[in-house]
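Chains A and B, in that order, are what the protein sequence lines are. The opening residue of the first sequence carries number 1 in the numbering used here; numbering runs sequentially from there. The opening residue of the second sequence carries number 353 in the numbering used here; numbering runs sequentially from there.
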Amino acid sequence: MKKILLFSLSLFFLPVYGEHSTVVPEKGQAYLPDINKVQASLVYDHILPNIRSFLIAAKDLKATANEFCHTKTEKKLAELQEKFKTLSVRWHRIEMLNFGPLNDDIFLPKRDAINYPINNTSLSYPRSFVAKHLNATSGIDFSSLSPREKGLLMLEVLLFETAVSNDKQLEKIVEDYKKNLGKCYLLKGFSELIESDAQYIDDGWNIKYRQSTKPFKDIYLSGTLPDGSDSLVTLISEIQKYLEYIKKRNVISMTAPLSGISYDNAFSVINSIESLLEGVPGKTSFFSIIEAAGKKSVVDLVRENISDAKQALSVKDNSAYNAAVGRLAANFKRDLAESLGINLGLNFADGD
Amino acid sequence: MGMPIEVIANMALPDTRSAEREILVSAMGDKKTGYGFGFMSVAQQALAKLTTDFRGHGVSQHPLNPSQVIMYGRRPGNMAIVADVLQNKIVNRFRVAKNRFFYGHGCFSHDGKTLFTTEGDSITGEGKIGIRDSVTYQQLGEFDAGGIGPHDLTIMPDGKTLVVAIGGILTRPETGRKKLNLHEMVSTLTYIDTFTGKKIDEFRVPESKSSIRHLDIASDGTVAIAMQIQRSAMTHDNPIPLGAIHKPNEDIKLLTEPVPLIRAMNDYLGSVVINEQTRIAGFTSPRGNIVGFWNIDTLEFVGYHQMHDVCGIAVNSKHHFMISNSLGEVRELDGTTLKEYKQRRVVHKHSPWDNHMLAITV
Chain A
1 MKKILLFSLS
11 LFFLPVYGEH
21 STVVPEKGQA
31 YLPDINKVQA
41 SLVYDHILPN
51 IRSFLIAAKD
61 LKATANEFCH
71 TKTEKKLAEL
81 QEKFKTLSVR
91 WHRIEMLNFG
101 PLNDDIFLPK
111 RDAINYPINN
121 TSLSYPRSFV
131 AKHLNATSGI
141 DFSSLSPREK
151 GLLMLEVLLF
161 ETAVSNDKQL
171 EKIVEDYKKN
181 LGKCYLLKGF
191 SELIESDAQY
201 IDDGWNIKYR
211 QSTKPFKDIY
221 LSGTLPDGSD
231 SLVTLISEIQ
241 KYLEYIKKRN
251 VISMTAPLSG
261 ISYDNAFSVI
271 NSIESLLEGV
281 PGKTSFFSII
291 EAAGKKSVVD
301 LVRENISDAK
311 QALSVKDNSA
321 YNAAVGRLAA
331 NFKRDLAESL
341 GINLGLNFAD
351 GD
Chain B
353 MGMPIEVIAN
363 MALPDTRSAE
373 REILVSAMGD
383 KKTGYGFGFM
393 SVAQQALAKL
403 TTDFRGHGVS
413 QHPLNPSQVI
423 MYGRRPGNMA
433 IVADVLQNKI
443 VNRFRVAKNR
453 FFYGHGCFSH
463 DGKTLFTTEG
473 DSITGEGKIG
483 IRDSVTYQQL
493 GEFDAGGIGP
503 HDLTIMPDGK
513 TLVVAIGGIL
523 TRPETGRKKL
533 NLHEMVSTLT
543 YIDTFTGKKI
553 DEFRVPESKS
563 SIRHLDIASD
573 GTVAIAMQIQ
583 RSAMTHDNPI
593 PLGAIHKPNE
603 DIKLLTEPVP
613 LIRAMNDYLG
623 SVVINEQTRI
633 AGFTSPRGNI
643 VGFWNIDTLE
653 FVGYHQMHDV
663 CGIAVNSKHH
673 FMISNSLGEV
683 RELDGTTLKE
693 YKQRRVVHKH
703 SPWDNHMLAI
713 TV
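Next comes the structure, spelled out in structure tokens:
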């Protein structure tokens, strides 16, 4: 009896973090029923459209790759390269959403399968793989390859240079495809793989998430994710981690080494974060509820850092960009989290 | 002690008269809820918190007074408290000496008469090991830690050797937690003779930007090491092993697989514990929301558990892993299968468990 009583008492006094509808906001914190509206708008106006546009870009790339392999012309290769750039830029609008279908398998998350593996020797892996399979026409299980041998970087290696000699001219690349039958096999295989991964992400968000009977959008909007974490906490902490990641890794100088679109990719990241916070006209947004809670200074600060990041990108100033991204990461960690009344986790945010 | 001691009354106190007196202890709280020392009866699942005016970090059970637990101030701390979980109060407290600060961990000698704490010289930045009497907490002396940033430490089974995780990162009280030497940092696992204060041996891992921060030890002298990577001082994104095992008379062996899990741990381990019974070590990563488990003899990866902001980890008297997070949650995992006993999950919201947890029996 005593045991039950003690536990009941402690339950009685349990305050609430994740159950938004029961929380009264403190001064300077956003009103929580409005956060639910913001979350709904975020999902339907930002996340789902961006995931769908990435899927469309992946389908376009695959279709154009098939056409190129049929004609093998410089014009078609140039078109294919543009399709790749679109795909990459659209990927960078969703890359920071590293939860749900992007990251539901700890050993082979889709994010890693698609994303650039960033390190000094990263080009060597796809280059070696291509060189080794120049005459292959079957037998490769593309999905089982390690992340450093597939995804965006592999497609860059296939589309922007010749195998072995690494020439960058369109004419030479087309000749390379004509000479080596295996290159089209690889191009088609990796294009199909990225389309399949994009479809998985789109299906997971829209139709059915893993073993659940629900799409991830419904799970996300329920407020609690399968591991018990709060969806808003997950969103803010994942973006914060992502910003710290790109700052610490100096991503600009390490990604898109052949296509030359690292600044476009970075712009895409910043634009996506801006859009995620600003929302769409006429609807409640993160910024609008934070302003309504009397924290306009927080909104101004974040807008200023977003503007600084864009300015740095426009003049290709990597260190200024990294500094602005670092400040934005701190905004997510503290200013935005506090204004939204959420706890990112003491250990996550301030361990030792 | 002549100082206000507040027992947070919003939760039922642990029933310490019970036969099952297993208690989880940890630093607890945050800026919002206030800092303190938290302890929870495993049987009753009831929680109490003693408020403190500083944020704590590591905790040690007093070998001679098992109901007493020392909680050390977090880096750069200047205070430690002695809490008695049977009396539900703070019974003592002690400070660092002039020009010293705590790194947040300590350990007792085997006879329980001496307390060792990791400290820093606030003028020179040198690492020190503070030596105190375990009854009066008067400082008896100190010796060099053998490097900058001694963090966690424990006594070896021989009873005379300390093993110290030298993080290698210079911080100073006047600049708080700012890292001042990332490009020159040297992190080591250092063995020190407690009788002479001399360094006996030191070991490094291949990656110079790996900071050896926490450790636990098995009764045969096997040390499990948890590291944190200083990625901003590196020029690549290759995943770096975060856990390692050191056995007497051998080199440090890194836990290199599985790479995707190591990558997901996001360059950061917060705590480590060895389960003596199953020879499995658990390593928590609050930045990856994961606990990873490896066998300390075969170095094989044996499993993982996902939990938001997980950091505290201990082994209870049933040889199960107990893990905690800052959302006030405690979970119990089987020591062998690593499956969670979900019916025993406890949540005390607004009671954030801080970095380190210890299971004690009183």
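C-beta: ideal position from N, C-alpha, C; glycine also.
Per-residue contacts from residue i into chain A (C-beta, under 7 Å)
{"i": "Pro638(B)", "result": "Gly345, Asn347, Phe348 and Gly351"}
{"i": "Asn707(B)", "result": "Asn347, Gly351 and Asp352"}
{"i": "Gly622(B)", "result": "Asn347 and Gly351"}
Coarse secondary structure for residue i, derived from DSSP in three states
{"i": "Gln695(B)", "result": "helix"}
{"i": "Met392(B)", "result": "strand"}
{"i": "Ile604(B)", "result": "coil"}
{"i": "Met154(A)", "result": "helix"}
{"i": "Lys178(A)", "result": "helix"}
{"i": "Val23(A)", "result": "Per-residue confidence for Val23(A) stands at a pLDDT of 42, beneath the threshold of 50, marking its modelled position as unreliable; no derived number is given."}
{"i": "Lys183(A)", "result": "helix"}
{"i": "Arg445(B)", "result": "strand"}
{"i": "Arg334(A)", "result": "helix"}
{"i": "Ala292(A)", "result": "helix"}
{"i": "Phe727(B)", "result": "Lying before the first or after the last residue shown, residue 727(B) is absent from chain B, which here runs from 353 to 714."}
{"i": "Leu340(A)", "result": "coil"}
{"i": "Arg565(B)", "result": "strand"}
{"i": "Ile306(A)", "result": "helix"}
{"i": "Asp706(B)", "result": "strand"}
{"i": "Ala585(B)", "result": "helix"}
Test: residue i CB closer than 9 Å to a CB of chain A
{"i": "Glu792(B)", "result": "Residue 792(B) is absent from the structure shown; chain B starts at 353 and stops at 714."}
{"i": "Asn533(B)", "result": "no"}
{"i": "Asp436(B)", "result": "no"}
{"i": "Tyr424(B)", "result": "no"}
{"i": "Asp661(B)", "result": "yes"}
{"i": "Asp568(B)", "result": "no"}
{"i": "Thr587(B)", "result": "yes"}
{"i": "Asp382(B)", "result": "yes"}
{"i": "Gln490(B)", "result": "no"}
{"i": "Gly456(B)", "result": "yes"}
{"i": "Gln695(B)", "result": "no"}
{"i": "Pro704(B)", "result": "yes"}
{"i": "Arg565(B)", "result": "yes"}
{"i": "Arg447(B)", "result": "no"}
Proximity test, Cβ basis, 9 Å: residue i and chain B
{"i": "Ser229(A)", "result": "yes"}
{"i": "Val269(A)", "result": "no"}
{"i": "Thr73(A)", "result": "no"}
{"i": "Thr234(A)", "result": "yes"}
{"i": "Pro257(A)", "result": "no"}
{"i": "Asn265(A)", "result": "no"}
{"i": "Leu340(A)", "result": "no"}
{"i": "Ala323(A)", "result": "no"}
{"i": "Met254(A)", "result": "yes"}
{"i": "Pro101(A)", "result": "no"}
{"i": "Pro117(A)", "result": "yes"}
Proximal chain A residues relative to residue i, where beta-carbon distance stays under 8 Å
{"i": "Pro610(B)", "result": "Phe107"}
{"i": "Asp504(B)", "result": "Residues of chain A passing the Cβ test: none, with the nearest at roughly 10 Å."}
{"i": "His672(B)", "result": "Within chain A, no residue comes near His672(B); the closest Cβ sits about 19 Å away, beyond 8 Å."}
{"i": "Ser571(B)", "result": "What Ser571(B) touches in chain A: nothing, since even the nearest Cβ is about 27 Å away."}
{"i": "His409(B)", "result": "Asp352"}
{"i": "Gln658(B)", "result": "Ile106 and Asp227"}
{"i": "Asn677(B)", "result": "Gly345 and Asn347"}
Neighbouring residues, chain B, relative to residue i (Cβ below 9 Å)
{"i": "Arg90(A)", "result": "The contacting residues do not exist; Arg90(A) stays about 22 Å from chain B at best."}
8 Å Cβ cut-off: residues of chain B touching residue i
{"i": "Asp112(A)", "result": "Pro612 and Arg615"}
{"i": "Lys241(A)", "result": "Asn618 and Arg639"}
One or two residues paired with residue i in a DSSP bridge
{"i": "Ile375(B)", "result": "Ser393(B) and Ile712(B)"}
{"i": "Arg452(B)", "result": "Asp473(B)"}
{"i": "Tyr674(B)", "result": "For the record, residue 674(B) in the displayed sequence is Met; it is not Tyr. BP columns for Met674(B) point to Ala666(B) and Glu684(B)."}
{"i": "Ala517(B)", "result": "Leu541(B)"}
{"i": "Val718(B)", "result": "Look at the range of chain B in this structure, 353 to 714, and you will see that residue 718(B) is not part of it."}
{"i": "Lys551(B)", "result": "Ile544(B)"}
Partner residues on chain A for residue i, Cβ-Cβ distance less than 9 Å
{"i": "Arg427(B)", "result": "Asp352"}
Interface residues of chain B facing residue i [CB-CB closer than 7 Å]
{"i": "Lys248(A)", "result": "Arg583 and Ser584"}
message: Restricting to runs no shorter than 4 residues, where is the alpha helix (DSSP H) found entirely within the region 74-141 of chain A?
response: Here the runs fully enclosed are 74-94, 110-114 and 124-132.
Segments of 3+ residues assigned as beta strand (DSSP E) that fall wholly inside the region 613-645 of chain B: Annotation: the region 613-645 of chain B contains the following complete segments of the beta strand (DSSP E) (minimum length 3 residues), in chain order: 623-627 and 632-637.
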